[in-house]
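Peer 1: Counting the sequence shown from 1 gives a position; this note's numbering is that position plus 1. Just so it is clear, CB atoms sit at the ideal spot from N, CA and C, and this is done for glycine as well.
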Amino acid sequence: MSPPLIHPAWRLAEPWPAILVAPHAVDEPPDLEKFLAALAARLDATVEVMEFLPSPDEKHPWSVLVRLPEQPTPVLISCERTKRMDEVPPSLAASVAASGFTIVVESLLDGGDPRLTWGRLAMVAAVRPEAIALLDGTTGRWFDREEIDRDLSDLSLGPPEDVLWRVQAVSSSENLEECTVWLYTRGLLRCGLPDLEMLEVPGSDAAAASKLMDALAGLLLEDGPAAPEIPYPLGPGIDVALIPWREIVETLDPESLGSEADRAALSQETPNPLHARRAVICDIEPKGSFKRVWTWPQNAVTHFAQPDAAVYRSDISTSRASEVAHRSWASAVEAHQHALPGTLLLAGIPLGADSEGRVEHAWLQVEHASSSGGSGRLLRAAFDGRPAGTSLDFQSADLDGWRLVRGEHAIGPEDAIDPLGFVTDAPTGGGG
2 MSPPLIHPAW RLAEPWPAIL VAPHAVDEPP DLEKFLAALA ARLDATVEVM
52 EFLPSPDEKH PWSVLVRLPE QPTPVLISCE RTKRMDEVPP SLAASVAASG
102 FTIVVESLLD GGDPRLTWGR LAMVAAVRPE AIALLDGTTG RWFDREEIDR
152 DLSDLSLGPP EDVLWRVQAV SSSENLEECT VWLYTRGLLR CGLPDLEMLE
202 VPGSDAAAAS KLMDALAGLL LEDGPAAPEI PYPLGPGIDV ALIPWREIVE
252 TLDPESLGSE ADRAALSQET PNPLHARRAV ICDIEPKGSF KRVWTWPQNA
302 VTHFAQPDAA VYRSDISTSR ASEVAHRSWA SAVEAHQHAL PGTLLLAGIP
352 LGADSEGRVE HAWLQVEHAS SSGGSGRLLR AAFDGRPAGT SLDFQSADLD
402 GWRLVRGEHA IGPEDAIDPL GFVTDAPTGG GG
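(1) Using 8 angstroms for Cβ pairs, my map puts Leu158 next to Glu324. What's the rounded Cβ distance?
(2) Among the residues of its own chain, which have a CB less than 8 angstroms from the CB of Leu253, if the five just before and after it don't count?
(3) With burial defined as no fewer than 16 other Cβ atoms inside 10 Å of the residue's Cβ, what is the status of Ala210: buried or exposed?
(4) By Cβ distance, which residues of its chain are closer than 6 angstroms to Arg404, with the 5 residues on each side in sequence left out?
(5) Please go through the same chain and pick out, in chain order, the residues whose beta-carbon is closer than 7 angstroms to the beta-carbon of Ala46, but skip the five residues on each side of it.
(6) From what residue to what residue does the beta strand (DSSP E) around Thr295 run?
(7) So is Gly386 in contact with chain B if we call contact Cβ pairs under 8 angstroms?
(8) Would you decide whether Gly204 is buried or exposed? Buried here means 16 or more other CB atoms lie within 10 Å of its CB.
(9) On the premise that Pro298 lies in contact with Trp11, defined as a C-beta separation below 8 angstroms, what is that separation, rounded to the nearest angstrom?
(10) Per DSSP, what kind of secondary structure is Thr391 in: helix, strand or coil?
(11) Can you give me the C-alpha to C-alpha distance between Pro24 and Ser100, rounded to a whole angstrom?
(12) Helix, strand or coil for Ile317? Go by DSSP, reduced to three states.
(13) Between Phe305 and the rest of its own chain, which residues show a CB-CB distance below 6 angstroms, the 5 nearest in sequence each way excluded?
(14) Which whole-angstrom value is the C-beta distance of Glu184 and Glu198, which I expect to be below 8 angstroms?
(15) Kindly provide the ranges of any beta strand (DSSP E) runs that are 3 or more residues long and lie completely inside the segment 74 to 151, ordered along the chain.
(16) Let me know the secondary structure DSSP gives Lys288 once reduced to three states.
(17) Cβ atoms of Ser392 and Ser371: under 8 angstroms apart, would you say?
(18) Report back the beta-carbon spacing between Leu37 and Leu54 to the nearest angstrom; my notes put them in contact at under 8 angstroms.
(19) Pick out whichever of Thr74, Ala333, Gln72, Ala98 has its Cα sitting closest to the Cα of Arg82.
(20) Whole-angstrom Cβ separation of Asp145 and Ser108, contact assumed at under 8 angstroms?
(21) Restricting to Cα atoms, I'd like to know which of Pro90, Thr319, Gly193 is closest to Ala398.
(22) Bridge partners of His410, per DSSP?
(23) For Ala382 and Trp364, what's the separation of their Cα atoms in angstroms?
(24) Measuring alpha carbon to alpha carbon, tell me which of Tyr313, Thr103, Lys35, Ile149 ends up nearest His61.
(25) Give me the Cα-Cα distance between Ile282 and His339, rounded to the nearest whole angstrom.
(26) So, Ala19 versus Thr139, is the Cβ gap smaller than 8 angstroms?
(27) Near Pro30, what residues of its chain come up, given a Cβ to Cβ distance below 6 angstroms and the 5 sequence neighbours on each side ignored?
(28) Ends of the alpha helix (DSSP H) at Trp246?
(29) Does the beta-carbon of Arg328 have 16 or more other beta-carbons within 10 angstroms, so that it is buried, or is it exposed?
(30) Less than 8 angstroms between the beta carbons of Glu223 and Asp111, yes or no?
(31) For Glu179, which residues of its own chain have a beta-carbon under 8 angstroms away from its beta-carbon, when the five flanking residues on both sides are left out?
(32) Helix, strand or coil for Gly422, going by three-state DSSP, please let me know.
(33) Considering Phe53, what are the terminal residues of the beta strand (DSSP E) in which it resides?
(34) What's the C-alpha gap between Gly431 and Trp143?
(35) When we look at the beta-carbon of Val294 and count the other beta-carbons within 10 Å, is it buried (16 or more) or exposed?
(36) Note down the Cα distance separating Leu153 from Val89, rounded to an integer number of angstroms.
In structure tokens:
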């Protein structure tokens with residue numbers, strides 16, 4: 002994966018670092034030599050120590066600058082006494098509060114694939130079994146030990162793309178039906194990309210808008226953002242435009258969030274990421290004849306609100322999703338065979354590429370299945386003209402996803418839910 006070409010409008014003045022934090026269940030600081038030995042064993046490679054940094058006090062026992070294989074930028078690893086942390090998930094709060102020392106890892110996500118680089122840094126921070134959890138200092142996202150071992154520790158597969166960013170929402174009212182929402186990402190700046198925003202989105206459309214932003218972020222990692230005002234395709238016939246945020250806030254409704262003052266108040270970081278390069282996702286044409294006003298992409302968001310929406314996905318996302326789906330397809334088939342009536346099994350497959358090389362992904366409602374493949378019918382018309390209901394055969398090697406659906410609940414291969422338990426018990430949640 003080569004770094005995408007970045008239009009001057011989105012080019013960053015300087016790189017933004019990635020900082021990962023792992024509280025450890027220890028009362029004494031981890032021994033540095035043993036820590037480096039564990040890291041070398043996990044990588045099955047030599048860890049080059051570039052510099053031992055001086056320790057200012059007993060709260061910071063050691064810091065070391067190292068070079069890792071396949072990581073062009075040096076990595077700073079520090080051991081610190083665990084500080085009070087806010088917004089810790091309830092399931093982790095007690096163990097994090099009891100932690101004596103924390104490993105902090107800092108570096109740049111340069112190189113070919115920032116996802117794999119992030120995964121290596123996560124592995125460094127949590128390489129010792131005493132690591133309780135992992136906090137991404139940029140996105141504020143926590144990963145518990147089970148997630149670390151299941152999703153982050155496979156260095157060949159790499160973590161899911163969405164570890165690199167997080168969509169956040171800010172509104173002026175707790176009742177989303179009464180207000181608009183400012184949605185924005187955190188994390189893409191450290192990938193050399195502009196962070197994304199969507200302004201003045203009706204609260205009722207916030208969930209679908211968030212899905213759109215997730216999909217676009219994955220595509221930008223591979224292709225880079227288009228020049229401002231140039232339509233960017235998210236799916237067959239679904240385009241959006243990217244506009245620098247300063248052009249948009251000039252026309253914001255005074256009651257809407259996202260102004261310069263809002264950005265200054267919301268982030269106390271220096272430099273403030275909400276004042277950095279940021280691309281607002283808009284409809285492909287501005288409204289108004291006297292004064293052009295760029296607005297949120299209503300048609301595209303409506304498309305993403307559909308559970309079976311046909312959308313484009315990055316090659317990396319498709320490849321990883323396919324591998325995870327292959328590994329777990331037999332479990333999904335077995336669960337469907339034991340499922341209560343009304344449970345559906347869906348299979349996601351690629352249908353082919355359009356004239357620009359973008360692959361359309363579609364869902365089949367499975368009618369016959371085995372561990373090696375099956376057959377099913379298209380849930381919606383394909384871009385190549387095949388109508389909904391068309392019967393298709395597929396091999397398990399063709400899959401790029403699957404879903405078990407019970408009523409309003411669904412799970413897929415990346416959900417931490419046992420498929421057999423999901424179909425035989427009353428579901429309480431799951432992925433979409």
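Peer 2: Taking the geometry as given:
(1) 6 angstroms
(2) Leu200, Glu201, Gly259, Ser260
(3) buried
(4) Leu347, Ala411, Gly413
(5) Pro70
(6) For the record, residue 295 in the displayed sequence is Trp; it is not Thr. Taken as a continuous stretch (DSSP letters only), Trp295 belongs to no beta strand (DSSP E), as it is neither H nor E.
(7) Included in the structure is just one protein chain, with no chain B present.
(8) buried
(9) The pair is not a contact, with the Cβ atoms about 18 angstroms apart (cut-off 8 angstroms).
(10) coil
(11) 6 angstroms
(12) helix
(13) Ala209, Lys212, Leu213
(14) Looking at the sequence shown, residue 184 is not Glu but Leu. 7 angstroms between Cβ atoms; contact.
(15) 76 to 82, 102 to 108, 134 to 137, 143 to 145
(16) strand
(17) no
(18) Actually they are not in contact, since the Cβ atoms of Leu37 and Leu54 sit about 14 angstroms apart, beyond 8 angstroms.
(19) Ala98
(20) Incorrect: roughly 23 angstroms between the Cβ atoms, too far for contact.
(21) Thr319
(22) Arg407
(23) 10 angstroms
(24) Thr103
(25) 44 angstroms
(26) yes
(27) Pro62, Cys80, Phe102
(28) 246 to 250
(29) exposed
(30) no
(31) Gly204
(32) helix
(33) 49 to 54
(34) Any reading at Gly431 is ruled out, since the residue's pLDDT is 45, under 50, leaving its predicted position unreliable.
(35) exposed
(36) 19 angstroms
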